[in-house]
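These notes concern the structure reproduced below.
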Ligand code: RFL
Ligand code: PHB
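Structural data, given as structure tokens:
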């Protein structure tokens with residue numbers, strides 16, 4: 007088989023890139039390890055930056071998001087019972103869209119089906135070859151048979167555990183990593199959200215986040231030690247712990263119910279440089295991971311796709327390779343800013359077991375600064391709603 011752009015991984019970055027390229031008349035094949043039902047069962051991101059919203063519209067997949075998503079013009083921060091609001095509109099005249107990653111992925115699959123795009127599920131043993139030649143190819147197995155896909159370019163959209171990043175020689179790759187000493191235990195529940203906007207709560211017992219998907223579907227997270235297991239947390243224990251970390255007035259209004267989904271995710275910051283090696287490009291979690299505190303992971307995947315799409319479109323339309331040449335540099339400049347923001351939000355809001363009394367005062371002072379300074383709120387709001395692409 008032959009195509010123009012081979013895309014490894016059918017998560018949001020692979021599907022969005024494929025959708026944009028197909029609409030520009032550029033042929034793609036997406037190779038995805040899992041089946042579609044599995045990809046669609048993952049509950050992950052919930053907050054879209056405005057640049058992401060505009061990209062989804064441009065890709066022709068914005069209609070349901072515009073109907074069913076919820077625009078938020080602020081969020082709430084709380085610390086030991088005190089709560090204040092960051093008004094995004096007042097701070098920087100921007101906003102975000104609350105619309106789940108699961109729904110974004112669903113919309114992308116529907117749009118790809120409508121275009122007749124090629125998405126092969128259940129592929130195994132994916133290996134990338136001749137990346138620095140002008141004839142790269144991918145080998146894989148499917149239904150027990152070996153297969154080969156020849157192409158002009160390969161894009162690794164296969165997430166943190168994928169094979170694409172590791173296909174770049176170790177001596178070329180530089181990796182930067184910070185692993186945090188805790189994880190997030192998240193639940194989804196068919197209950198009305200705690201408030202109209204998201205609440206990020208710092209507390210001496212640990213961080214908590216009250217988020218949502220719709221007026222009847224809530225998403226909550228609490229910081230837990232990495233040693234905790236899902237079986238340790240009954241729904242009742244989760245609700246009690248969540249309420250203990252939120253301001254009293256919010257806790258009293260929480261409507262509890264059975265969890266539909268419950269999972270623990272570790273927190274890490276990770277960047278692999280460069281994001282291009284010969285004819286291989288990396289997009290999204292394949293190249294970088296942020297802790298979820300800043301809601302940046304999916305949004306960064308979308309800005310990578312933006313830069314790469316522009317580069318590929320200019321190359322195929324006019325033979326102009328400039329955008330491809332500068333892809334890694336442009337994408338990484340934005341990645342590092344989102345790394346900084348996610349790390350600073352994580353550091354300000356979580357309970358770190360090894361923090362000294364001094365470190366804890368610094369955390370409290372950061373929050374005081376946000377509460378009292380419009381300039382500090384503006385910096386947070388600009389980063390949260392999304393830096394320009
Ligand atoms: P994905 O979604 O991991 O998709 C990669 C795909 O590649 C497939 N794959 C392979 N296919 C073929 N061959 C192989 N060898 C393969 N290896 C893997 C996988 O099956 C999968 O389908 O990466 P992508 O597309 O780059 O998308 C990234 C986002 O999913 C991720 O950044 C976000 O979910 C992060 N994230 C959040 N981001 C936000 O912007 N806002 C949020 O509010 C937010 N909240 C979150 C999050 C992530 C979380 N977890 C669990 C990691 C909350 C949580 C709890
Ligand atoms: C979510 O709703 O899943 C969510 C929202 C905001 C975050 C992280 C996750 O910062």
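In the numbering used here, the protein residues as written are 7 to 395. Where a beta carbon is used, it is the ideal one built from N, C-alpha and C, also for glycine. Quick caveat, the model's predicted, so the values are computed rather than measured.
DSSP three-state assignment for residue i, whether helix, strand or coil
i, result
"residue 205", "strand"
"residue 369", "helix"
"residue 113", "helix"
"residue 35", "strand"
"residue 124", "strand"
"residue 218", "strand"
"residue 395", "coil"
"residue 57", "helix"
"residue 402", "In this structure the chain extends from 7 to 395, so residue 402 is not present and cannot be described."
"residue 164", "coil"
"residue 400", "One cannot answer for residue 400 here, as it falls past the ends of the chain, which runs 7 to 395."
"residue 98", "helix"
"residue 105", "coil"
"residue 321", "helix"
"residue 388", "helix"
"residue 65", "coil"
"residue 93", "strand"
"residue 132", "strand"
"residue 80", "strand"
"residue 282", "strand"
"residue 11", "strand"
"residue 235", "coil"
"residue 378", "helix"
"residue 73", "helix"
"residue 288", "strand"
"residue 170", "coil"
"residue 210", "coil"
"residue 50", "coil"
"residue 309", "helix"
Delimiting residues of the beta strand (DSSP E) encompassing residue i
i, result
"residue 143", "143-148"
"residue 43", "Where residue 43 is concerned, there is no enclosing beta strand (DSSP E), although the alpha helix (DSSP H) it sits in stretches over 42-47."
"residue 6", "What is shown of the chain runs 7 to 395, which leaves residue 6 out entirely."
"residue 229", "223-230"
"residue 156", "151-156"
Any non-hydrogen atom of the ligand PHB within 6 Å of residue i CB
i, result
"residue 52", "yes"
"residue 224", "no"
"residue 301", "yes"
"residue 298", "yes"
"residue 24", "no"
"residue 84", "no"
"residue 217", "yes"
Any non-hydrogen atom of the ligand RFL within 6 Å of residue i CB
i, result
"residue 57", "no"
"residue 133", "no"
"residue 169", "yes"
"residue 18", "yes"
"residue 305", "yes"
"residue 150", "no"
"residue 271", "yes"
"residue 106", "no"
"residue 39", "yes"
"residue 163", "yes"
"residue 36", "no"
"residue 14", "yes"
"residue 45", "yes"
"residue 234", "no"
"residue 113", "no"
"residue 291", "yes"
Boundaries of the alpha helix (DSSP H) in which residue i is found, first to last residue
i, result
"residue 337", "333-355"
"residue 22", "18-29"
"residue 245", "241-251"
"residue 258", "254-259"
With a floor of 3 residues, list each beta strand (DSSP E) that falls wholly inside the segment 180-204, ordered by position along the chain.
180-195
Please confirm if the segment 122-137 is in contact with the segment 34-43, defined as three or more CB-CB distances below 8 Å between the two stretches.
yes
Could you tell me whether the segment 313-326 touches the segment 362-382, where touching means 3 or more Cβ pairs closer than 8 Å?
no
Is the segment 211-220 close to the segment 361-371, with three or more CB pairs under 8 Å?
no
Three-pair Cβ contact test at 8 Å for the segment 70-78 versus the segment 147-158
no
Count the C-beta pairs between the segment 279-287 and the segment 137-145 that are closer than 8 Å, then say yes if the count reaches three, no if not.
yes
Cβ contact check for the segment 231-247 and the segment 258-265: 3 or more pairs under 8 Å:
yes
Does the structure place the segment 47-64 close enough to the segment 95-112 that three or more beta carbon pairs sit under 8 Å?
yes
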